[in-house]
Amino acid sequence: MRRIWEQPQAGLHGGLVEEFFRYKRNREFPRFMRTPVVREIYLRLSSDRIPTHPLDASDGKTIEEALEALCEFSRLYDVNDARGGTHMPLILQSFPDIWEWLVFLLPTSNNIRHTRNPKRDVLDKHNAYLNDDGTVEVGLHSSFLTFITFVKRTLCTEEGRAACLAQPDFFWALLELNFPPIHTVPPDVAFLSHCLSEELNDLRLDQRYSRRAMSSLVAHDEENPGGLSRAMVERLAWLLNGPREDQNFIPVYIDLVYCLLSTDRAVANFRRARGVTLVVTVLGKAVASPGVLEDQHRTSLNEFFMTCLHYLLLLTNTNGPIIEALDAGLLHNLGMLATGLPGGIFAAEDYRELANMLIRMILAPALLWPDVVRAFHRAIESAHILCDPRALIPRWEELGLLYYRYHGCYTMLTKFRADRKKLQYCHHAQCQGQDERAHRVCSCGEAFYCSKACQKAHWHAEHRVKCSRGMKDALQRATTSTPVKVGPDTVGFESDTVPMTYMERAFIRRCTANFDTQPVDGLRLVPHGLPDPAEGKAFLLDWNCGQVGAKIRGIEDWLPQPSENGLPMVRVYSRISKGYAQSVVLADIIHRKPADKHCPRDATRGGDVVEVE
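For reference, each letter of the sequence shown is one residue, going 1 to 613 in full-length UniProt numbering.
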């Protein structure tokens, strides 16, 4: 590999500086524009000189000359400013040709390669290299510094802004230039990029260009799903590590991200681009940097990230986003907040309430699902997170109650898995098969079989009497109204929007089984006592009641009262959720005990339920 321009030649910069000092000694601007060095700049940036593929050594020299000329062209604006800024039309007379060069040199145009090799990527050096495969390579950061400086300086004047907006691909090039997939850049490049983002936001807010800017943002996100929103959120991470004065750009990026994520499709693209992991990671940096951010910026960042995270976690009807957030360190972030809340900088009530909403509405209800419980356990073990409710409740009640609920669910899951393992044998007593064969579970989750023949034989012999696999279809046929009134909400009964496996349904049933005699951790009983089946009432465990744990409600049972051996029974329903989707499911049918149970009005939330004879 070799430098294309081997022979040292006098650069444009020295000649331009010399002509600039001559111009300052009362030389007329038109005469200055006719000087050889200025004419050389325009000659190198003529669109007629743009190479065509395949590229050779002479084309590489042309590219190197164009990069140097583009860098020096930005200095012409300084000359114009020295005389009152009245000569922009003369400077911009060949702007369309210069813009064609800029588009040609962008990485996404795939005309040349951009490298981060420190031996080739040197700021203020516009060297081009010819590779053995015939491609031309330039420094990534050095070229981007030139591009961003040129566009930023052009947008500083009304004439320059008009020239840029006259280019049909202006917004596309601006987004490609300012938000490339670069994770780290030198401070000079980062600051100019922030300034260019501010210009973009100003154009978006300008009524003359807002529609065009917004359509370009949406189109770019469609072409590169989630890439633009990821880049903007990553810029917020840059600001946490950059100089303090750069924090003034935080509102700019928050405005741009809010604008970009204004549609469900854009949010879905961002989530698929691992946006949940990115938001949790940057939130952790903000939480761990108490002395870096000013109060106003810390508040805006916290509100932005918590609101964005809440929306992302409820975007689908799966637990995937919640598990991704847990794996990314969400519990670790909450733990850092817990240690700093009492009287510290994070004691602001508005921020604590944002985190509390996340706990009450998303994390606590999700503990009904085994995969979420396992993700909790994995996150706690990997980061050695403090999860002792007794230590956390005095500091942060909601977080302490969340871990109180987690410990109960994890204990139950461990026992559930052990019980399932004991059941993993063929339940057909006359089975002649080998124990090594894989066993399939019945949809009720209570019986396993090694073959279809054993399942069929056991069904006719005994299992059909107690199997609940047809419960959903039978109930839907027996009822004329599937929506269920739960407090102020109306929730679908056995809704298909909440998908669950046989094992998940069995675990949910385990969480509600025998709750009238052995209450599950985190249950809150209604103050007026338990429902009476003689009055046509049924139990409903509302896991989405807006509190950590479940609240027992009494609802009207629209089905005939169940009984067994002449004894009345009562149905137990559960209101569950998976992401945004909610459903009411039949969890169990139990005998109604004569003893009533109440929870005193002043009882501690999440405490044990006491029995009142």
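Backbone N, C-alpha and C define an ideal beta-carbon position, used for all residues, glycine too.
Please read all numbers here as calculations on a predicted model, not as lab measurements.
What span of residues does the beta strand (DSSP E) with L386 cover, start to end?
-> Residue 386 sits at position 386 when you count from the first residue of the sequence shown. Following the DSSP letters along the chain, one finds L386 in no beta strand (DSSP E), marked with neither H nor E.
Just how far apart, CA to CA, sit I555 and F539?
-> What you label residue 555 is simply residue 555 of the sequence shown in a count that begins at 1. What you label residue 539 is simply residue 539 of the sequence shown in a count that begins at 1. Taking the straight line joining both Cα atoms gives about 7 Å.
Spatial neighbours of L155 within its chain, please: CB distance less than 7 Å, with the 5 preceding and 5 following residues excluded, ordered by chain position.
-> The sequence position of residue 155 within the sequence shown is 155, counting from 1. Around L155, the same chain offers R161, C164, E199 as residues with beta carbons nearer than 7 Å, after the five sequence neighbours per side are excluded.
Sequence-distant residues of the same chain with beta carbon closer than 8 Å to T135, five excluded per side = What you label residue 135 is simply residue 135 of the sequence shown in a count that begins at 1. Answer for T135: L55, I112, R113, listed in chain order.
Is it the case that the Cβ atoms of H427 and H458 are separated by a distance below 8 Å?
-> As a first step, residue 427 must be located in the sequence shown, where it is residue number 427. As a first step, residue 458 must be located in the sequence shown, where it is residue number 458. Yes, these two residues count as a Cβ contact at 8 Å.
Taking Cβ positions, are H141 and E68 nearer each other than 8 Å?
-> Start at 1 with the first residue of the sequence shown, and residue 141 comes out as number 141. Start at 1 with the first residue of the sequence shown, and residue 68 comes out as number 68. No, Cβ-Cβ distance for H141 and E68 is not below 8 Å.
M500 by DSSP, collapsed to three states: which one?
-> For the purposes of this step, residue 500 is taken as the residue at position 500 of the sequence shown. In the structure shown, M500 sits in coil (DSSP, three-state: anything other than H, G, I, E or B).
Sequence-distant residues of its chain with Cβ nearer than 8 Å to A228 (five each side left out) = Numbered from 1 along the sequence shown, position 228 holds the residue referred to as residue 228. What sits at residue 228 in the sequence shown is Leu, not Ala. Closer than 8 Å at the Cβ level, and outside the excluded window around L228, lie L175, F179, L217, H220, D221, L260.
So what's G492 in DSSP terms, helix, strand or just coil?
-> One-based indexing of the sequence shown puts residue 492 at position 492. It is coil, neither helix nor strand.
Buried versus exposed, by CB contacts within 10 Å (16 or more), D121 = Your numbering for residue 121 matches position 121 in the sequence shown. Counting the other Cβ atoms within 10 Å of the Cβ of D121 gives 16 or more, which makes it buried.
For P568, does the three-state DSSP call read helix, strand or coil?
-> Counted from its first residue, the sequence shown places residue 568 at position 568. Correct three-state label for P568: strand.
If you draw a straight line from the alpha carbon of residue 633 to that of F144, how long is it in whole angstroms?
-> Past the boundaries of the shown model lies residue 633; the chain is included only from 1 to 613, so the question cannot be answered.
Check E556 in the structure and name its three-state DSSP category.
-> Residue 556 sits at position 556 when you count from the first residue of the sequence shown. Note: E556 maps to strand in three-state DSSP.
So is P243 buried or exposed if we call it buried at 16+ other beta carbons inside 10 Å?
-> Sequence index remark: in the sequence shown, residue 243 carries index 243 (1-based). So P243 ends up on the exposed side.
Classify L67 as helix, strand or coil using the three-state DSSP reduction.
-> Sequence index remark: in the sequence shown, residue 67 carries index 67 (1-based). In this structure, L67 counts as helix in the three-state DSSP scheme.
Three or more beta-carbon pairs under 8 Å between the region 272-285 and the region 223-237, yes or no?
-> Three or more beta-carbon pairs drawn from the region 272-285 and the region 223-237 are found closer than 8 Å, and the two stretches are therefore classed as touching.
Count the other CB atoms, across all protein chains shown, that sit within 10 Å of the CB of A461; report buried if there are 16 or more and exposed otherwise.
-> Translated into positions along the sequence shown, residue 461 becomes position 461. Classification for A461: exposed.
DSSP state of S47 mapped onto helix, strand, coil | Locating residue 47 in the sequence shown gives position 47, counting from the first residue. DSSP places S47 in helix when its eight states are reduced to three.
Where the alpha helix (DSSP H) through F144 begins and ends = Reading the sequence shown from its first residue, position 144 is the one you call residue 144. Counting along the chain, the unbroken alpha helix (DSSP H) around F144 starts and ends at 140-154.
Exposed unless 16 or more other CB atoms sit within 10 angstroms - verdict on S193 = Here the question's residue 193 lines up with position 193 in the sequence shown. Its Cβ being crowded by 16 or more others within 10 Å, S193 is buried.
For chain D, find out if any of its Cβ atoms is closer than 8 Å to the Cβ of T149; answer yes or no.
-> In the structure shown, chain D does not exist; there is a single protein chain.
On a CA-only basis, which of I91, P89, H87, E40 is nearest A66? Give me that one, please.
-> By one-based count along the sequence shown, residue 66 stands at place 66. The residue with the shortest Cα to Cα distance from A66 is E40.
What are the residues that DSSP puts in a beta bridge with R575?
-> In the sequence shown, the residue the question calls residue 575 occupies position 575. Partner residues in the beta bridge of R575, as assigned by DSSP, are D542, V584.
Closest Cα partner of K415 within the set P483, R510, T307 = Taking the first residue of the sequence shown as 1, we reach residue 415 at position 415. Cα-wise, what sits closest to K415 is R510.
Would you call Q207 buried or exposed, if buried means 16 or more other Cβ atoms sit within 10 Å of its Cβ?
-> Locating residue 207 in the sequence shown gives position 207, where the first residue counts as 1. That one is exposed.
Please name the residue or residues paired with residue 614 in a DSSP beta bridge.
-> The first residue shown for the chain is 1 and the last is 613, placing residue 614 beyond what the model contains.
Give the range of the alpha helix (DSSP H) segment to which K485 is assigned.
-> Position 485 of the sequence shown holds residue 485. Counting along the chain, K485 falls outside any alpha helix (DSSP H), though it belongs to the beta strand (DSSP E) covering 484-486.
Going by the beta-carbon positions, is the gap between G579 and N269 smaller than 8 Å?
-> Position 579 of the sequence shown holds residue 579. Position 269 of the sequence shown holds residue 269. Judged by their CB atoms, G579 and N269 are not nearer to each other than the 8 Å cut-off.
Measuring alpha carbon to alpha carbon, tell me which of E137, R274, M336, Q561 ends up nearest N110.
-> On the sequence shown, position 110 is the one that residue 110 refers to. Per the Cα distances, E137.
Just curious, the alpha helix (DSSP H) that A219 is in, first and last residue?
-> The residue labelled residue 219 in the question sits at position 219 within the sequence shown. Secondary structure note for A219: its alpha helix (DSSP H) is the uninterrupted segment 210-223.
Between the Cα of M214 and those of L256, Y502, T115, V252, spot the shortest distance and give me the residue it belongs to.
-> Along the sequence shown, read from residue 1 onward, the residue named residue 214 stands at position 214. Residue L256 holds the alpha-carbon nearest to the alpha-carbon of M214 among L256, Y502, T115, V252.
Which whole-angstrom value describes the C-beta separation of I148 and V189, a residue pair presumed to lie in contact below a C-beta threshold of 8 Å?
-> The residue labelled residue 148 in the question sits at position 148 within the sequence shown. The residue labelled residue 189 in the question sits at position 189 within the sequence shown. Confirmed, about 7 Å.
Less than 8 Å separating the beta-carbons of T277 and A328?
-> Along the sequence shown, read from residue 1 onward, the residue named residue 277 stands at position 277. Along the sequence shown, read from residue 1 onward, the residue named residue 328 stands at position 328. Cβ distance < 8 Å, so T277 and A328 count as in contact.
When burial is assigned at 16 or more other CB atoms within 10 Å of the CB, is L401 buried or exposed?
-> One-based indexing of the sequence shown puts residue 401 at position 401. Flag for L401 reads buried.
Taking C-alpha atoms, which residue in S58, H53, N80 lies nearest to F32?
-> Translated into positions along the sequence shown, residue 32 becomes position 32. The shortest Cα separation from F32 among S58, H53, N80 belongs to N80.
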